[in-house]
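Undergrad:
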Amino acid sequence: MNVKTEKISKPRKNALVMFIHKMGSPPWFYNFTGKFIPWFWAIFIVLAAWGLYLGLVKAPADYLQGESFRILYLHVPAAWMSLLIYSMMAVMSFIALVWRIRIVEILAMTSAPIGAAFTIVTLTAGSLWGRPTWGTYWVWDARLTSELVLLFLYLGVIGLYNSIDEPRKAARAACLLAMVGAVNLPIIHYSVKWWNTLHQGSSISLTGGSSIDPSMLWPLLIMAVATKFYYGANLLTRARVKLLEQDIRKAWVREVLKEKNG
Amino acid sequence: MNAEAVNGSLSRAFFALLRRDLLLAFRRRTELLFPVIFLLVVVSLFPLGIGPGPQLLARIAPGVIWIAALLATVISLDALFRSDFEDGTMEQFVISGHPLTLIALAKILAHWLVAGLPIVLMSPLLALWMNLPTESLGVMILTLAIGTPILSLIGSIGVGLTISLKRGGQLLSLLVFPLYVPILIIATAAVMAASDSLPYTQFLGLLTAGLITSVTLAPFAAAAALKISLS
Chain A
6 MNVKTEKISK PRKNALVMFI HKMGSPPWFY NFTGKFIPWF WAIFIVLAAW
56 GLYLGLVKAP ADYLQGESFR ILYLHVPAAW MSLLIYSMMA VMSFIALVWR
106 IRIVEILAMT SAPIGAAFTI VTLTAGSLWG RPTWGTYWVW DARLTSELVL
156 LFLYLGVIGL YNSIDEPRKA ARAACLLAMV GAVNLPIIHY SVKWWNTLHQ
206 GSSISLTGGS SIDPSMLWPL LIMAVATKFY YGANLLTRAR VKLLEQDIRK
256 AWVREVLKEK NG
Chain B
3 MNAEAVNGSL SRAFFALLRR DLLLAFRRRT ELLFPVIFLL VVVSLFPLGI
53 GPGPQLLARI APGVIWIAAL LATVISLDAL FRSDFEDGTM EQFVISGHPL
103 TLIALAKILA HWLVAGLPIV LMSPLLALWM NLPTESLGVM ILTLAIGTPI
153 LSLIGSIGVG LTISLKRGGQ LLSLLVFPLY VPILIIATAA VMAASDSLPY
203 TQFLGLLTAG LITSVTLAPF AAAAALKISL S
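Chains as they are written, first to last, in my numbering: chain A, 6 to 267; chain B, 3 to 233.
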């Protein structure tokens, strides 16, 4: 008894738990994230402009690949993001399924189209880079192939989510699929990698990694950070819209809309 | 109820369900044949489309037979939970108190016996058509015997997720084919290695590891998927 009353009387004892609880409430989440989104967009634009300037203009041309290596500044951060977002989505799916937090469901599901977009950027940039380097737009290279399978996994999650009418059921089903995909992803990755070495194709790998010049590396790192802010901004923007859509009949949404319309 | 009684009733439920599903399948014999006929038709299209050159056919045989097996499995998967879901039997399973995982496992096993095993049994004929070297025929049959249960197991998760949709079949193929990629790679690699008289046991080992992993994990995921679809 004593312990219980003590806990209730000191609700601010654990600020982090309180914060997480608050974030679970749609109006609070809506207002709180609303403050961050413009900053995320701004930081993304500044960093991306800076990184692209350094990468596309300042960095010296590669002695082997010439100017075409600059595609790397788009390709590599996008590839990193495509994997990062899938793992984020899987972790959020796990949280959503175990604790049934609606906002986490929404965040997991709104991650999927962003991740799929990054995967498409990776594939497109990769094949454009392949044309001058390998002499062809598409090679069944291990990385391109596993990226393609990753795109299919994303499309499966998006497809399932959009096929089921009831939003929460749809989210739970797609979350489970995302987790199954996450378990399979390493297996797919390694089997494809190994399949590639088995069928000796023309596989020239991208990694000259360790000997990359700092003037070439910095723009890449800046772009990597910029894409993270893009993900954050895009994710939160989408999640807020989704929340408004789902809660359209609730009082807090009406208040928000009233404020917006003056 | 003591532990022994529970165990007894669990295995009774498992075998009763297995028996029922097999009986139901054999009462609809024509439907039983569809996946097999589908398999035969798909494989026969390849020589027609590519040309009957025996060497070329032998080279692509493992891939063609395995891809046809994947397609035939996905075609038959929809029947896995469909009728039970539509007539409300699945709900009765859930409230019966037996773990849904066990029920899913029994149904998956029944599905494999009805749809997977015929593929394995048909493979010598397919291998003959595709001019597969006789020394790799044994390996082909083995990979199918180990691999098709994995297809049913992984597929059951996809079926569980799409069962509440009216037209889940097309979506199902999008969901499960990417998950089948490793099996396809490993199984065809084993057959190709055998054709080139290279060692292939490591591939069979990997495939068996996949079977053990999916037997342990997939029924749980399928049960969770069914619960979501029923909610």
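Here a beta-carbon is modelled for each residue, glycine too, at the ideal position from N, C-alpha and C.
As the structure is a prediction and not an experimental result, all values here were calculated from the model.
Need the endpoints of the alpha helix (DSSP H) that Ala36/A sits in, please.
TA: Numbered from its first residue, the first sequence carries residue 36/A at position 31. Reading off the sequence shown, one finds Asn at residue 36/A, where the question assumed Ala. Run containing Asn36/A: 31-58, per the alpha helix (DSSP H) assignment.
Undergrad: Grab the span of the alpha helix (DSSP H) containing Arg107/A for me, first residue to last.
TA: Residue mapping note: residue 107/A aligns to position 102 of the first sequence, counting from 1. Looking at the DSSP string, the run of the alpha helix (DSSP H) that includes Arg107/A is 107-139.
Undergrad: Counting only the same chain and skipping the five closest in sequence on each side, list residues whose C-beta sits under 6 Å from that of Phe83/B.
TA: Position 81 of the second sequence, counting from 1, holds the residue named residue 83/B. Closer than 6 Å at Cβ, skipping near neighbours: Val161, Ile165.
Undergrad: By DSSP, does Gly267/A sit in helix, in strand, or in coil?
TA: Residue numbering aside, residue 267/A sits at position 262 when the first sequence is read from its first letter. In this structure, Gly267/A counts as coil in the three-state DSSP scheme.
Undergrad: Anyone know if the C-beta pair for Leu228/B and Leu104/B falls short of 8 Å?
TA: Against the second sequence, residue 228/B aligns to sequence position 226. Against the second sequence, residue 104/B aligns to sequence position 102. In this structure, Leu104/B does not lie closer than 8 Å to Leu228/B by Cβ.
Undergrad: Looking at the secondary structure, which residues open and close the alpha helix (DSSP H) in which Lys109/B lies?
TA: The count along the second sequence starts at 1 and reaches residue 109/B at position 107. It spans 102-113 - the alpha helix (DSSP H) in which Lys109/B sits, taken as one unbroken run.
Undergrad: Which residue's Cα is closest to the Cα of Asp86/B: Leu47/B, Ala27/B, Ile67/B?
TA: Counting from one through the second sequence, the residue named residue 86/B turns up at place 84. With respect to the C-alpha of Asp86/B, the residue from Leu47/B, Ala27/B, Ile67/B having the closest C-alpha is Ala27/B.
Undergrad: Is there a Cβ from chain A that is less than 8 Å from the Cβ of Val183/B?
TA: The residue labelled residue 183/B in the question sits at position 181 within the second sequence. Closer than 8 Å to some Cβ of chain A, the Cβ of Val183/B qualifies, so yes.
Undergrad: Going by C-alpha to C-alpha distance, which of Leu222/A, Trp199/A, Ile163/A, Glu264/A sits closest to Tyr91/A?
TA: Here residue 91/A refers to the residue found at position 86 of the first sequence. Among Leu222/A, Trp199/A, Ile163/A, Glu264/A, the Cα nearest to that of Tyr91/A is on Ile163/A.
Undergrad: Decide if the region 24-44 of chain B is in contact with the region 114-122 of chain B; the criterion is three or more beta carbon pairs, one per stretch, under 8 Å apart.
TA: Three or more Cβ pairs drawn from the region 24-44 of chain B and the region 114-122 of chain B lie within less than 8 Å of each other, which places the two stretches in contact.
Undergrad: Can the beta-carbon of Ser78/B be found closer than 8 Å to that of Ile152/B?
TA: Numbered from its first residue, the second sequence carries residue 78/B at position 76. Numbered from its first residue, the second sequence carries residue 152/B at position 150. No; because the gap between Cβ atoms is not below 8 Å, this pair is not in contact.
Undergrad: For Ala183/A, tell me which candidate among Trp257/A, Leu77/A, Lys198/A, Leu112/A has the shortest Cα-Cα distance.
TA: Here residue 183/A refers to the residue found at position 178 when the first sequence is read from its first residue. Ranking Trp257/A, Leu77/A, Lys198/A, Leu112/A by Cα distance to Ala183/A puts Leu112/A first.
Undergrad: Would DSSP call Asp23/B helix, strand or coil?
TA: Reading the second sequence from its first residue, position 21 is the one you call residue 23/B. Correct three-state label for Asp23/B: helix.
Undergrad: Is the Cβ-Cβ distance between Ile110/B and Ser175/B less than 8 Å?
TA: Here residue 110/B is taken as the residue at index 108 of the second sequence, counted from 1. Here residue 175/B is taken as the residue at index 173 of the second sequence, counted from 1. No, these two residues do not count as a Cβ contact at 8 Å.
Undergrad: Could you check where the alpha helix (DSSP H) with Lys233/A kicks off and where it finishes?
TA: Translated into the one-based positions of the first sequence, residue 233/A becomes position 228. That run of the alpha helix (DSSP H) goes 219-251.
Undergrad: Looking at Val141/B and the ligand FAD, is the gap between the Cβ and the nearest heavy atom below 7 Å?
TA: Absence of the ligand FAD from the depicted structure is noted, as is the absence of any ligand whatsoever, leaving it without description.
Undergrad: Would a C-beta distance cut-off of 8 Å place Val109/A and Ala101/A closer than the cut-off?
TA: Mapped onto the first sequence, residue 109/A falls at position 104. Mapped onto the first sequence, residue 101/A falls at position 96. For Val109/A and Ala101/A, yes; Cβs fall inside 8 Å.
Undergrad: Could one say the Cβ of Asp128/A lies closer than 8 Å to chain B's Cβ atoms, at least one of them?
TA: Taking the first residue of the first sequence as 1, we reach residue 128/A at position 123. First, the amino acid is wrong: residue 128/A is Leu here, not Asp. Judged by the 8 Å Cβ criterion, Leu128/A is not in contact with chain B.
Undergrad: If contact is defined by three or more beta carbon pairs under 8 Å, each pair taking one atom from either stretch, is the region 114-132 of chain A in contact with the region 82-96 of chain A?
TA: yes
Undergrad: Thinking C-alpha only, which one of Leu225/A, Glu260/A, Tyr58/A, Lys265/A is nearest Leu77/A?
TA: Taking the first sequence and counting its residues from 1, the one referred to as residue 77/A is at position 72. The residue with the shortest Cα to Cα distance from Leu77/A is Leu225/A.
Undergrad: Since I believe Ala108/B is in contact with Phe222/B (beta carbons under 8 Å), could you give me their beta-carbon distance rounded to a whole number of angstroms?
TA: Counting from one through the second sequence, the residue named residue 222/B turns up at place 220. Counting from one through the second sequence, the residue named residue 108/B turns up at place 106. A Cβ-Cβ distance of about 14 Å is found for the pair Phe222/B and Ala108/B, leaving them out of contact under the 8 Å criterion.
Undergrad: Could you have a look at Asp86/B and say whether DSSP puts it in helix, strand or coil?
TA: The residue labelled residue 86/B in the question sits at position 84 within the second sequence. DSSP places Asp86/B in helix when its eight states are reduced to three.
Undergrad: Quick check on the DSSP output: the alpha helix (DSSP H) that includes Thr136/B runs from which residue to which?
TA: As a first step, residue 136/B is located in the second sequence; it is residue number 134 there, counting from the start. Taken as a continuous stretch (DSSP letters only), Thr136/B belongs to no alpha helix (DSSP H), as it is neither H nor E.
Undergrad: Closer than 8 Å, Cβ to any Cβ of chain B: which residues of the region 160-175 of chain A, in chain order?
TA: Leu160, Gly161, Gly164, Leu165, Ser168, Ile169, Lys174
Undergrad: Out of curiosity, what's the CA-to-CA distance linking Ala130/A and Pro184/B?
TA: Residue mapping note: residue 130/A aligns to position 125 of the first sequence, counting from 1. Residue mapping note: residue 184/B aligns to position 182 of the second sequence, counting from 1. Rounded to the nearest angstrom, the two C-alpha atoms are 26 Å apart.
Undergrad: For chain B, check one thing: does any of its Cβ atoms lie closer than 8 Å to the Cβ of Val154/A?
TA: As a working note, residue 154/A is residue 149 in the first sequence. With its beta carbon less than 8 Å from one in chain B, Val154/A belongs to the interface.
Undergrad: Using the C-alpha atoms, what's the distance from Ala244/A back to Glu250/A?
TA: For the purposes of this step, residue 250/A is taken as the residue at position 245 of the first sequence. For the purposes of this step, residue 244/A is taken as the residue at position 239 of the first sequence. Distance between the alpha carbons of Glu250/A and Ala244/A: 10 Å.
Undergrad: Inspect the beta-carbon positions of Gly65/B and Thr190/B and report whether they are closer than 8 Å.
TA: Sequence index remark: in the second sequence, residue 65/B carries index 63 (1-based). Sequence index remark: in the second sequence, residue 190/B carries index 188 (1-based). For Gly65/B and Thr190/B, yes; Cβs fall inside 8 Å.
Undergrad: At least one CB of chain B closer than 8 Å to the CB of Phe157/A: is that the case?
TA: Here the question's residue 157/A lines up with position 152 in the first sequence. For Phe157/A, the answer is yes, since a Cβ of chain B falls inside 8 Å of its Cβ.
Undergrad: Report all residues from its chain with a CB closer than 7 Å to the CB of Gly214/A; omit the five preceding and five following residues, and keep chain order.
TA: The sequence position of residue 214/A within the first sequence is 209, counting from 1. Low confidence applies to Gly214/A: its pLDDT is 46, below 50, so where it sits in the model is not reliable enough to give any reading.
Undergrad: Spell out the partners DSSP gives Gly71/A in its beta bridges.
TA: On the first sequence, position 66 is the one that residue 71/A refers to. Answer is Asp67/A.
Undergrad: Along chain A, which residues have their Cβ under 7 Å away from the Cβ of Ala226/B?
TA: The count along the second sequence starts at 1 and reaches residue 226/B at position 224. Ordered by position in chain A, the residues that pass the 7 Å Cβ test against Ala226/B are Leu181.
Undergrad: Given this structure, state the Cα-to-Cα distance separating Thr150/A from Pro54/B, to the nearest angstrom.
TA: Residue numbering aside, residue 150/A sits at position 145 when the first sequence is read from its first letter. Residue numbering aside, residue 54/B sits at position 52 when the second sequence is read from its first letter. Their Cα atoms are separated by approximately 30 Å.
Undergrad: Assuming contact is defined by CB atoms lying nearer than 8 Å, are Ala178/A and Ile230/B in contact in what I supplied?
TA: One-based indexing of the first sequence puts residue 178/A at position 173. One-based indexing of the second sequence puts residue 230/B at position 228. Against a cut-off of 8 Å, the Cβ pair of Ile230/B and Ala178/A comes out as a contact.
Undergrad: Any C-beta of chain B sitting closer than 8 Å to the C-beta of Leu203/A?
TA: Taking the first sequence and counting its residues from 1, one reaches residue 203/A at position 198. Interface residue, yes.
Undergrad: Does the beta carbon of Ser231/B come closer than 8 Å to any beta carbon on chain A?
TA: For the purposes of this step, residue 231/B is identified with residue 229 of the second sequence, where counting begins at 1. True, the Cβ-Cβ gap to chain A drops below 8 Å.
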